[in-house]
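Numbering (the working numbering), first residue to last: 78 to 299. Here's the structure, in structure tokens; my notes come after.
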């Protein structure tokens, strides 16, 4: 199992109960088919592996929180996990690994997590699709290597935000370019900037990031 020390320390320092779990393709291949949940819907082999990796990570995370280690279903419409009553959670897959984070505090209404390979090559042209003007200006003050890392972090953090606010923010407003990020050493702040005339507003969202064993993760909650 991957050991995400910085994520573990972050979650342990929160006032709410959080747990995380990871799983890898190696672990999945060591399990006999009868130990895995049945996949009753059509998926390619790669998508099936991702689905099973995610379910294993969720099962382990729920178990570490003290809940029954049963397989959970996915919503047939949104394709997102159907969390047990009282549980808030989030799931991410990347390069043959999966990360799940769960919590059972009533005051946590949404949770988002994203996992990326830290050495992943990212096309710098993605900037025009995910960055606000302020973010682009900040980006171009960095050296090229640091710019690529910041761009990957920006993409990952906005993926976490999307998961955290899915169902809370109207779909037509839940867009990468409607939120601008400011970065600190291990923390980021998301400022929401909806189009003029939009009768919807949100306070800033605080998120966190870290790099463990060549993996980059971002997380936020509301």
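Quick reminder that beta carbons are idealized off the backbone N, C-alpha and C, glycines included. Computed from a prediction, not measured in an experiment: that's the story for all the values here.
Environment of residue i [buried if 16+ CB atoms lie within 10 Å]
i: residue 200; result: exposed
i: residue 235; result: buried
i: residue 57; result: This structure cannot speak to residue 57, because the chain is shown only from 78 to 299.
i: residue 96; result: buried
i: residue 158; result: buried
i: residue 231; result: buried
i: residue 127; result: buried
i: residue 121; result: exposed
i: residue 154; result: exposed
i: residue 148; result: exposed
i: residue 255; result: buried
i: residue 78; result: Any reading at residue 78 is ruled out, since the residue's pLDDT is 49, under 50, leaving its predicted position unreliable.
Per-residue DSSP class, three states only, for residue i
i: residue 158; result: strand
i: residue 121; result: coil
i: residue 239; result: helix
i: residue 200; result: coil
i: residue 103; result: helix
i: residue 98; result: strand
i: residue 78; result: Summary for residue 78: the model assigns pLDDT 49, below 50, so the residue's position carries little reliability; its value from the coordinates is reported in the next sentence. Looking at residue 78 - three-state DSSP - the assignment turns out to be coil, as it is neither helix nor strand.
i: residue 206; result: helix
i: residue 284; result: strand
i: residue 245; result: coil
i: residue 222; result: helix
i: residue 184; result: coil
i: residue 296; result: strand
i: residue 131; result: helix
i: residue 215; result: helix
i: residue 290; result: coil
i: residue 189; result: strand
i: residue 231; result: helix
i: residue 166; result: strand
Cβ distance (whole Å) where residue i is taken to contact residue j below 8 Å
i: residue 131; j: residue 103; result: That belief does not hold up - the Cβ atoms of residue 131 and residue 103 are roughly 16 Å apart, past 8 Å.
i: residue 180; j: residue 241; result: At roughly 12 Å, the Cβ-Cβ gap does not stay under 8 Å, so residue 180 and residue 241 are not in contact.
i: residue 204; j: residue 229; result: About 11 Å; that fails the 8 Å criterion.
i: residue 297; j: residue 189; result: 5 Å
i: residue 263; j: residue 286; result: 6 Å
i: residue 238; j: residue 267; result: 6 Å
i: residue 193; j: residue 257; result: Wrong, their Cβ atoms sit about 20 Å apart, outside the cutoff.
Residue from the options whose Cα sits closest to the Cα of residue i
i: residue 116; options: 249, 89 and 129; result: 129
i: residue 223; options: 236, 196, 192 and 148; result: 196
i: residue 243; options: 167, 292 and 213; result: 167
i: residue 276; options: 247, 254 and 282; result: 247
i: residue 84; options: 164, 176, 226 and 125; result: 176
i: residue 216; options: 182, 253, 260 and 255; result: 260
i: residue 125; options: 143, 92, 220 and 106; result: 106
i: residue 94; options: 250, 114 and 165; result: 165
i: residue 249; options: 272, 265 and 90; result: 272
i: residue 182; options: 91, 87, 279 and 274; result: 91
i: residue 141; options: 172, 178 and 220; result: 178
i: residue 150; options: 185, 172 and 113; result: 113
Is the number of C-beta pairs between the stretch 136-154 and the stretch 93-103 that are closer than 8 Å three or more? Cβ pair count under 8 Å is three or more, so yes.
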